[in-house]
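Participant:
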Amino acid sequence: MKIVFGCDPNAEDFKQQLIEFTKSLGHDVEDFGDVDPIYANTAIKVAKAVAAGDFDKGILLCGTGIGVSIAANKVKGAYAANIHDVYQAQRAQLSNNANIITMGSQVIGIELAKQLIKEFLGAGEFDMNGRSVAKVQRIVDFENE
């Protein structure tokens with residue numbers, strides 16, 4: 021899979037460790053940076069690239085993961101889930117068809133973050149026959165109104 025990362029300057033060290041981990045899982049990784057203190061700029065850049073299909077998934081990091089999630093979700097076709105446990109990492113893909121995950125470098129540890137990436141990227145495909153299809157479709161329909 022082609023994965024794109026982005027973060028704010030506070031999460032740079034965290035991101036670099038996660039990039040190396042993601043590469044070790046066999047994924048192609050691109051880094052969209054960390055120098056812009058306005059994290060929304062990086063989040064929007066990552067979200068646009070994922071929504072355009074240039075990358076399969078995106079991973080965004082800031083102190084809490086909340087700010088980058090809000091910013092990414094403003095981009096049509098970007099569906100960012102702020103996660104902090106294994107179940108959320110799995111369900112972000114399986115139930116919510118998220119194409120981006122966000123995490124907080126100041127609220128979770130590096131080993132948990134690695135596990136969450138592994139779970140998200142390995143969760144499989146969105147269940148097109150599952151009970152969440154109509155719920156996710158409503159989001160897409162509203163976005164297209």
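Under my numbering, the residues of the sequence shown are numbered 21 to 165, in order. We put the CB at the ideal spot given by N, CA and C, even for glycine. Because the structure is a prediction, the values reported are computed rather than measured.
In chain order, what residues of the same chain have a beta carbon less than 7 Å from the beta carbon of residue 135, not counting five sequence neighbours either side?
Facilitator: Stepping through the sequence shown from its first residue, residue 135 is reached at position 115. Here the set comprises 106.
Participant: Under 8 Å, do residue 77 and residue 128 count as touching if we go by C-beta distance?
Facilitator: Numbered from its first residue, the sequence shown carries residue 77 at position 57. Numbered from its first residue, the sequence shown carries residue 128 at position 108. No, the Cβ-Cβ distance between residue 77 and residue 128 is not below 8 Å.
Participant: Is it a yes or a no for the region 134–154 touching the region 112–124, going by three-plus beta-carbon pairs under 8 Å?
Facilitator: A contact exists between the region 134–154 and the region 112–124.
Participant: In or out: residue 164 buried (at least 16 other Cβ within 10 Å) or exposed?
Facilitator: Position 144 of the sequence shown holds residue 164. Looking at its Cβ environment, which holds fewer than 16 other Cβ atoms inside 10 Å, residue 164 is exposed.
Participant: Tell me which residue opens and which closes the alpha helix (DSSP H) that residue 122 is part of.
Facilitator: The residue you call residue 122 lines up with position 102 of the sequence shown. Segment 120–124 is the beta strand (DSSP E) holding residue 122; no alpha helix (DSSP H) there.
Participant: Note the first and the last residue of the continuous beta strand (DSSP E) segment covering residue 48.
Facilitator: Start at 1 with the first residue of the sequence shown, and residue 48 comes out as number 28. 48–51 is the span of the beta strand (DSSP E), which, as asked, contains residue 48.
Participant: With three or more beta-carbon pairs closer than 8 Å as the criterion, would you say the region 80–94 touches the region 50–70?
Facilitator: In short, these stretches touch, since the Cβ pair count reaches three.
Participant: Report yes or no: do three or more beta-carbon pairs, one from the region 64–72 and one from the region 28–48, lie closer than 8 Å?
Facilitator: Because the criterion of three Cβ pairs below 8 Å is not met, the region 64–72 and the region 28–48 do not touch.
Participant: Residues in its own chain within less than 8 Å of residue 130 by CB, not counting five upstream and five downstream?
Facilitator: As a working note, residue 130 is residue 110 in the sequence shown. So the qualifying residues of the chain are 34, 37 and 38.
Participant: Count the other CB atoms, across all protein chains shown, that sit within 10 Å of the CB of residue 48; report buried if there are 16 or more and exposed otherwise.
Facilitator: To locate residue 48, count along the sequence shown from 1; it is residue 28. Under this definition residue 48 is an exposed residue.
Participant: At which residue ranges does the region 74–121 contain complete beta strand (DSSP E) runs of 3 or more residues, listed in the order of the chain?
Facilitator: With a minimum length of 3 residues, the continuous beta strand (DSSP E) runs that stay inside the region 74–121 are 77–82 and 100–102.
Participant: So what does residue 26 bridge to, in DSSP terms?
Facilitator: Residue numbering aside, residue 26 sits at position 6 when the sequence shown is read from its first letter. DSSP lists 80 as partners of residue 26.
Participant: Rounding to the nearest angstrom, what Cα-Cα distance links residue 153 and residue 67 in this structure?
Facilitator: What you label residue 153 is simply residue 133 of the sequence shown in a count that begins at 1. What you label residue 67 is simply residue 47 of the sequence shown in a count that begins at 1. Roughly 22 Å separates the two Cα atoms.
Participant: With distances taken Cα to Cα, identify the nearest neighbour of residue 132 among 42, 104 and 55.
Facilitator: Taking the first residue of the sequence shown as position 1, residue 132 is located at position 112. Of the candidates 42, 104 and 55, the one whose C-alpha sits nearest the C-alpha of residue 132 is 104.
Participant: Output needed for residue 97: all residues of its chain with C-beta closer than 6 Å, excluding positions within five of it in sequence on either side, in chain order.
Facilitator: What you label residue 97 is simply residue 77 of the sequence shown in a count that begins at 1. The answer, listed in chain order, is 71.
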